[in-house]
Amino acid sequence: MNSTDRPRLAVRSPADLIAAVPYLLGFHPADSVVVVALREKQIIFAARADLTPSGADPGPVSRYLAAVIGRQGADSATVVGYGPAVRVTVTLDAVRRELDEVGLAVLDALRVEDDRYWSYLCVDPGCCPPEGTRYDPRASQVTAAAVFAGQVALPDRAALTAQVAPVEGPVREAVREATVRARERLGDLLGAVNPEELISGQAMIGAARQAHHAAVERTRRGERSTDDEIAWLGVLLTFVPARDVVWERTDGADEHIALWTDVFRRSEPEVTAAPGCLLAFAAFRAGQGALAAVALERVLARNPDYSMALLLDDLLRRGMPPARLANWPVLNDKRTSRRRRRRRGGR
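Under our numbering, residue 364 is the last one in the sequence shown; the count climbs by one each step, no gaps.
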């Protein structure tokens, strides 16, 4: 399951809405049910789940989707199922009932398959023929607007998962060797500080703050961190107070998503929990719920009890809008702070 909160898109027809869904999610859905929340005919949110397996109870999925959409301040919703009727209908009917229960008007319920869509609410063969209505998403103004806004729709969820997969081959071996050097460097750092600094952890916190700031600046300039820089940052973030200082400075800016994607993919498995969570948080802040979800899936597969991952996973499943964290600190990024003050009307 995943949810997303992206720039608002206006829709004027079922074809427009279907064209918008992949850009809301970040990928083209298949074997899925998607609920699109609207406010005053503007798309404000979308949540996706897998279709219920044949013979299974659709209740858990439908209740989850209705609860998530119900928190978004929407006044209506449209439900879209992707796949054959024998699989879509049961899930769509259950979702419609649950949306009715939370008081949301269901504008339409659509099934999409092979570039055609069918409406479960329209019975007029003049506009909703039995053979379905053919549509071309490339011809939609919504598609053009999404592309213009820089939104991307990958071919499927697997392509999104591949974006956070660990690197292999010679690159992996090089980072493995760099991680050995980083651990030796950490030993030297801790061996050189006084007992008070060692107990307080200030040496690691200060080193993590410095390494993170340098990495963000490199990424902002379009430069890639070296293996040693990646390994050093990853090792430092295994210290939770150091991770939290960096977390306070993580926003949804492009450079933050790019940096944490790189660190997450290149770091050694035993140090990936913090970078993966920081990527998930940055993606969430940017409204890229699907990217956040696949990052957390990889973290939790190896670290099922990692508290930050569990917290963020719960946040995503509850469908919390990123706007709720508009005042997140990002303490050391002056440009981000200026952008935030301008949004509030300050100087």
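Beta carbons: idealized from backbone N, C-alpha and C, even for Gly.
These numbers were taken from a predicted model, which means no experiment stands behind them.
- In this structure, the alpha-carbon of valine 38 lies about 54 Å from that of valine 210.
- Taking a contact as a CB-CB distance under 8 Å, the pair valine 51 and alanine 32 does not count as one, their CB atoms being some 15 Å apart.
- Judged by their CB atoms, leucine 138 and isoleucine 35 are not nearer to each other than the 8 Å cut-off.
- Non-local beta-carbon contacts of alanine 312 in its own chain, meaning distances under 6 Å to residues more than five positions away in sequence, involve Val181, Gly293, Leu296, Ala297 in chain order.
- The residue from Ala270, Asp244, Val169 with its alpha-carbon nearest to that of arginine 237 is Ala270.
- Of the residues Ala248, Gly87, Asp117, the one whose Cα lies closest to the Cα of arginine 193 is Ala248.
- Counting of Cβ neighbours within 10 angstroms places serine 79 among the buried residues, the total reaching 16 or more.
- Sequence-distant partners of aspartate 173 (beyond 5 residues in either direction) whose C-beta falls short of 7 Å from its own C-beta, in its chain, are Phe44, His45, Ala47.
- Contact between the segment 240 to 255 and the segment 196 to 203 is present, with at least three C-beta pairs closer than 8 Å.
- In the structure shown, the three-state DSSP call for tyrosine 99 is strand.
- DSSP links alanine 66 through a beta bridge to Val50.
- 8 Å or more divides the Cβ of valine 112 from the Cβ of glycine 87.
- Closest option to tryptophan 135, judged by alpha-carbon separation, among Pro142, Cys144, Gly149: Gly149.
- Per the coordinates, the alpha-carbon of alanine 73 lies some 26 Å from the alpha-carbon of leucine 124.
- Only residues of its own chain outside the window of five on either side were considered, and among them Val50, Val96, Gly98, Ala126, Arg128, Tyr137 have a CB closer than 8 Å to the CB of leucine 109, listed in chain order.
- In this structure, valine 288 sits near threonine 255, with a CB-CB distance shorter than 8 Å.
- Among the bridge pairs identified by DSSP, tryptophan 135 is matched with Arg128.
- Counting other Cβ atoms within 10 Å of its Cβ, leucine 329 reaches 16 or more and is therefore classed as buried.
- Annotated three-state conformation of leucine 55 is strand, per DSSP.
- Counting along the chain, no alpha helix (DSSP H) covers arginine 335, and no H or E run does either.
- Sorting Thr278, Glu234, His229, Val233 by C-alpha distance to the C-alpha of valine 252 places His229 at the top.
- The C-alpha of valine 105 lies about 14 Å from the C-alpha of arginine 133.
- For arginine 151, the three-state secondary structure derived from DSSP is strand.
- About 6 Å separates the beta carbons of alanine 309 and leucine 333, which is inside the 8 Å limit, making them a contact pair.
- When the Cα atoms are used, aspartate 279 and valine 233 turn out to be separated by approximately 11 Å.
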